[in-house]
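Trainee:
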Amino acid sequence: MTPRSTATLLCALALLPLASCSLTGNLAKSEGDTCEIHHRKMEVRQVAFSPGYSGYMPVFNRALRKQFPHHGHTHFYEDHSYMYVPRKGQLHVCDECDRQYEKWTSQHKGPWP
Ligand SMILES: [Zn+2]
């Protein structure tokens, strides 16, 4: 490997984390368009992603899975198996999940996303 190609490789590796921060994940293509909890047709929306994993918050995680899996507020990106850190993503959003998320988070104190 020449010094120039080594320098190019190092620059590319240094810029990789910056590039991944700006990526937008798209899970809408692999999801169904009907909410399995509320049986309503969902629409694709862009939502914000936050670092973290709801599995570390059992109370929130249980409510997320059973009451509002398709809410349109900020999601933990590790809940969606991302290997990089997207700032936003395309997801199917259910209006009733949105209402349930807002109701639940207003009734429970916590650092919810
Ligand atoms: Zn729903």
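In the numbering used here, each number is its position in the sequence shown, counted from 1, plus 47. Virtual Cβ for every residue (Gly too), placed ideally from N, Cα, C.
#1: Is His-117 near ligand 1, with its Cβ less than 8 Å from a heavy atom?
#2: Provide the residue span of the alpha helix (DSSP H) that contains Phe-107, from first to last.
#3: Which residue marks the beginning of the beta strand (DSSP E) containing Glu-90, and which one marks its end?
#4: Does the region 78-85 touch the region 119-137, meaning 3 or more C-beta pairs lie closer than 8 Å?
#5: Label Pro-98 either buried or exposed according to how many other C-beta atoms from any shown protein chain fall within 10 Å of its C-beta, with 16 as the threshold for buried.
#6: I need the straight-line Cα distance from Asp-142 to His-118, nearest angstrom please.
#7: Does any heavy atom of ligand 1 sit closer than 8 Å to the C-beta of Arg-87?
#8: Below 9 Å between beta carbons: does that hold for His-139 and Phe-107?
Mentor: Let's see:
#1: As a first step, residue 117 must be located in the sequence shown, where it is residue number 70. Yes, ligand 1 has a heavy atom inside 8 Å of this Cβ.
#2: Counting from 1 along the sequence shown, the entry for residue 107 is found at position 60. It spans 105-114 - the alpha helix (DSSP H) in which Phe-107 sits, taken as one unbroken run.
#3: Position 43 of the sequence shown, counted from the first residue, corresponds to residue 90. Glu-90 -> beta strand (DSSP E) spans 90-97.
#4: no
#5: Taking the sequence shown and counting its residues from 1, one reaches residue 98 at position 51. Per the 10 Å Cβ criterion, exposed.
#6: As a working mapping, residue 142 is identified with position 95 in the sequence shown. As a working mapping, residue 118 is identified with position 71 in the sequence shown. Rounded to whole angstroms, Asp-142 to His-118 spans 7 Å at the Cα level.
#7: Translated into the one-based positions of the sequence shown, residue 87 becomes position 40. Yes, ligand 1 has a heavy atom inside 8 Å of this Cβ.
#8: By one-based count along the sequence shown, residue 139 stands at place 92. By one-based count along the sequence shown, residue 107 stands at place 60. Contact flag unset, no.
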